Amino acid sequence: MNTLLAIAVGVLYTTAIYMILRRSIVKLVIGLMLLSNAANLLIFTSAGLTRHGPPLIVEGSTEAAAVVADPLAQALILTAIVIGLGVLAFAVVLIHRAYEVVKADDMDQMKDTDT
Amino acid sequence: MLYALLGGFGVAALAAWLHRLTGRHSGWILALWPATLLLYFLSFLPDINSGTVLFFYDWIPSLQIRLSFRIDGLSLLFALLISGIGLFIVAYAGRYLEGHRDLGRFYVILLAFMSSMLGVVLADNLIALFVFWELTSITSYLLIGFNHEDASARRSALQGLFVTVGGGLALMTGLILLGQVGGSYELTELLDNGDAIRQHALYTPILLLIVLGAFTKSAQFPFHFWLPNAMAAPTPVSAYLHSATMVKAGVYLLARLHPALGGTELWSALLGTAGAVTLFIGIWLAVRSTGIKKMLAYSTVMALGTLTLLIGIGSEQALAAAMAFLLAHSLYKGALFMIAGIIDHETGSKDLRDTGGLFRAMPVTAVVAGVAALSLAGVLPMFGFVAKELLFESVLDDPRTWLLAMVVAGAVMTVAVAALIGILPWYGQPVATKKIPHEAPPALLAGPVVLATLGLLGGLFAPWVDQHLLAAATSAVAGTPVNPDLALWHGINPALGLSLFSLIAGLLLYRWHDGFRTATAFTDTLAKRGPERGYDWLMAALVRIAETQTRFFQSGYLRYYLMITLLTSMSLVWLVIGMKGDGLRLHLDLRDVQFHEAVLIFTLMAGAITAARTTSRLGAVAALGAVGFTVALLYVMFSAPDLGITQVLVETLTVILLVLVLFRLPGFLKLSSTALRVRDAIVAASVGVTMTALVLFALDARLYDSISHWHIAESLPSGYGRNMVNVILVDFRALDTLGEIFVLALAAIGVLAMIRLRAEDKRHE
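Residue numbers (our numbering), protein chains in the order written: chain C, 6 to 120; chain F, 42 to 806.
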């Protein structure tokens, strides 16, 4: 399963980078979203996959089960997801504003710092 | 000792303020500092024959960098010259630049230079020596460019800086290698270790690098061109830095390292050849010049060549000659430069052809100039004569006869130059000058008078100078005790014959120097093709390379920045894997894949590819949603329920946001050609492949134990929570979460601000 996920991570990175390299800013933002998913999955896969072992301590027990998923990686990804949302919200409003000023969805036309 | 050295920087820092406080007498007031130093260094003189005095202060002990200083004959000779001539230069500058609005700044740099130069000659630690060495280059740069409104001064300053600092770079490498090979950065230990260093395999590169540093600093051919250009500096600077002290730093270094590096055939060939060629070219150009300062500058090049040649020959007599010549040259050249400044200051002319008959107006200066010029020409009974005799004797002993030819030719032309300077401006028909000439004021005259007198006394009391200073200096250069027995009269010998010959031939050359100049005019075209052309070409090439390189890397397009960054990091990753990845293997295993998982992964990949390829905005958003929700499902299936929940929430919000905003924007356009798309796809795919490979490598390699065990074990007892991820977020790593909240708040404020801005725009319309 790791292998398959690793390939999926690769595909996500490929599409993300491809989109970021486009001239359209909207595509750039789409690329950013793909990139954040790709990075999250990268961390998730590298930490090791565990089936049926959520990092919880069941009610009544004082210790975790013998096999649980790595909680630290999950905490990191959780933070990343939320920050990704913040960045996205900001980026989306920013490109909308930029479009209103420049009237084009083309980065090559954003040459001045004055408009 | 430390106060003597670093105190100078303190005085330099205060100089501008002191200047403002004391007004027109600031030169004399500030000259008190070098005077103090001179007395301090003179106090070492009585004991100098009893050995080296060392001072230690720790600086950066972990790197073996110590502020250690040594006083032996060589460093004392230099220290006395630096502080002694410095004393007169500071006083001289106060008068010479009187009323100049930047005089305060001038003092600051001049005094800082003085301390740096003392640092160079007194340092016992190679690294400390190098630091001071570079400081002299920088202060020299600032002083040459003192008249920074003049474009040619700026150019000369930069030229001097590039040449000396470029050599400094080589020197640094050489010194570090020397320190590694010799096992210490302390000169005291290195100088005793000469045999081991000379037999080391790295001896040749060390020697070449250090010699390169010394040659650039001491203006040896083919680096001689910066020195005459450095005459753009005010005359006190030319007299001090570019004649008496700084340019001798290279010579000092060669002399200092002679016990450690010298005595080999390479040493003798390298220094001998460069020195002789520099000597000849220098004095040739001096005879051909008409500007007084230019002429003196070129004759300084000659002197530096002579010193290098003598150190290259390396016999005891040659070393003694080098020390005597060094002392003689500093005395007469300092004096002559200051006299050149006086002529400029009092008459407004800088050219020999514009002066004449000045004796009547300024008799004292004329006499002093005559005395200094006699020393330059090496006439009995001046100290210059002693030095010249020794020079001839050393070169006569050397098997290379062409050296002798060069030296004699140089001596003939030196006499001519001395005559030009000592006679032409003072006697004959008075020439009308820009200003009406007056006798120079005492502050300007003090230096030349004292230095020229010392040059005379030095000759008369040569054995005294020898016993009390030069013997110790020569011994320090030779590495063994030497007694050179300097005397004014050596008896009738071949050297005396050569002396007489050069004197007569030089005077003849002086008599017909106009004819000589016309006859040798052809060399000017040669000189134009000289090393300075090479320098200009190099600088132009540097600018072109910088321009091309900047255009390439700083294109201004986000995608090119990204591409360069990505391709560089990918190459580095693969480089490391290629070099150190012996134990790595790709962890490929598809046996445990369950059907529904496979379906999810394919949905994910299909969604991502669709998002990248679709031409419809709605399609892209839908595909993105598919990707996001699939990732959420993957989280859930692999034991990360919290991630799953968050991802679903975030994804929902994202889709709504995108739909709301994107549809106010125009539809997708095809902005790039197919070729560009293919290129981008290749870059993107290489990143994707690298990331896949990294994950597969990472699964197989675990270098460190996970720290998660602690989090798992302590979640309930320390964090009082059953959901470990939650405990980590709000307890163990609560500060991270605080940071995250902060980021979100900032993003929210940013969004709000942009929306408000738009609302206001609308209202204005």
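Heads up, the beta-carbon is just placed ideally off N, CA and C, and yes, glycines get one too. As the structure is a prediction and not an experimental result, all values here were calculated from the model.
If we count the other Cβ atoms within 10 Å of its Cβ and call it buried at 16 or more, is residue i buried or exposed?
i: Ser516(F); result: buried
i: Thr609(F); result: exposed
i: Trp530(F); result: exposed
i: Pro758(F); result: exposed
i: His265(F); result: buried
i: Leu93(C); result: buried
i: Val288(F); result: buried
i: Thr286(F); result: buried
i: Tyr281(F); result: buried
i: His370(F); result: buried
For residue i, which residues of its own chain have a beta-carbon under 8 Å away from its beta-carbon, when the five flanking residues on both sides are left out?
i: Ala481(F); result: Ile383, His386, Glu387, Met403, Val405, Thr406
i: Gly685(F); result: Ala673, Leu674, Tyr676, Val677
i: Asp392(F); result: Thr331, Gly332, Ile333
i: Arg441(F); result: Gly313
Contact defined as beta carbons within less than 8 Å: I believe residue i pairs with residue j. What is the distance between those atoms, to the nearest angstrom?
i: Gln667(F); j: Thr644(F); result: This sequence places Ala at residue 667(F); Gln is not what is there. So it is a contact: roughly 6 Å between Cβ atoms.
i: Thr19(C); j: Ala652(F); result: Incorrect: roughly 12 Å between the Cβ atoms, too far for contact.
i: Leu79(F); j: Leu368(F); result: Actually they do not touch by this definition, with Cβ atoms about 15 Å apart.
i: Tyr293(F); j: Phe400(F); result: Not confirmed; about 37 Å, so no contact.
i: Tyr133(F); j: Ala484(F); result: 6 Å
i: Ala120(F); j: Phe50(F); result: Not really, about 16 Å apart at Cβ, beyond 8 Å.
i: Leu307(F); j: Leu248(F); result: 6 Å
i: Val98(C); j: Met795(F); result: 5 Å
i: Phe147(F); j: Leu138(F); result: 6 Å
Might you give, ordered along the chain, the residues of its own chain that have their beta carbon closer than 6 Å to the beta carbon of residue i, omitting 5 neighbours on each side?
i: Ala327(F); result: Met336, Tyr339, Ser340, Val458
i: His637(F); result: none
i: Met115(C); result: Val107
i: Ile25(C); result: Leu33, Gly36
i: Gly125(F); result: Leu79
Short of 7 Å in beta carbon distance, which residues of its chain neighbour residue i, apart from the five on each side in sequence? Order them along the chain.
i: Phe97(F); result: Arg107, Ser109
i: Asn45(C); result: Ile82, Ala85, Ile86
i: Pro76(C); result: Pro60
i: Ala514(F); result: Gly114, Leu115, Leu118, Met364
i: Phe49(C); result: Ala78, Ile82
i: Ile769(F); result: His752
i: Ala315(F); result: Phe256, Gln261, Phe262, Thr349
i: Phe171(F); result: Leu212, Met213, Leu216
i: Ser727(F); result: Met611
i: Leu59(F); result: Ser67, Ile70, Leu71
i: Gln688(F); result: Gly669, Val672, Ala673, Tyr676
i: Leu243(F); result: Leu218, Val222
Comparing the C-beta of residue i with each C-beta of chain C, is any distance below 7 Å?
i: Asp565(F); result: no
i: Ala237(F); result: no
i: Asp721(F); result: yes
i: Gln595(F); result: no
i: Phe783(F); result: no
i: His386(F); result: no
i: Gly791(F); result: yes
i: Arg808(F); result: Any answer about residue 808(F) is impossible in this case: the structure gives chain F only from 42 up to 806.
i: Ile642(F); result: yes
i: Leu645(F); result: yes
i: Thr687(F); result: yes
i: Arg600(F); result: yes
Is there a Cβ from chain F that is less than 7 Å from the Cβ of residue i?
i: Ala11(C); result: yes
i: Leu37(C); result: no
i: Thr120(C); result: Residue placement at Thr120(C) is poorly supported in this model, since its pLDDT is 49, which falls under 50; the coordinates are not used for a value here.
i: Val122(C); result: With chain C running from 6 to 120 in the structure shown, residue 122(C) is simply not present.
i: Gln114(C); result: no
i: Ala94(C); result: yes
i: Val106(C); result: no
i: Val72(C); result: no
At 4 residues or longer, what runs of the alpha helix (DSSP H) sit wholly inside the stretch 457-504 of chain F?
483-501
Could you pull out every unbroken alpha helix (DSSP H) segment of at least 4 residues lying fully inside the stretch 686-773 of chain F, listed in chain order?
Secondary structure within the stretch 686-773 of chain F: the alpha helix (DSSP H) runs of 4 or more consecutive residues, fully enclosed, are 715-741, 749-755, 765-768 (chain order).
Let me know the alpha helix (DSSP H) ranges lying completely inside the stretch 595-675 of chain F, each 4 residues or longer, listed in chain order.
Runs of the alpha helix (DSSP H) inside the stretch 595-675 of chain F: 599-621, 636-654.
Length-filtered (4 minimum) alpha helix (DSSP H) runs lying within the stretch 47-72 of chain F:
Uninterrupted alpha helix (DSSP H) stretches at least 4 residues long and entirely within the stretch 47-72 of chain F occur at 67-71, given in chain order.
Just to confirm the assignment: which complete alpha helix (DSSP H) runs, minimum length 4, are found wholly within the stretch 549-594 of chain F?
554-560, 563-569, 572-594
With a floor of 4 residues, list each alpha helix (DSSP H) that falls wholly inside the stretch 346-420 of chain F, ordered by position along the chain.
357-388, 404-418
Every unbroken alpha helix (DSSP H) within the stretch 223-300 of chain F, with a cutoff of 4 residues, ordered by chain:
Within the stretch 223-300 of chain F, the complete alpha helix (DSSP H) runs of at least 4 residues fall at 228-232, 235-240, 244-258, 267-270, 276-280.
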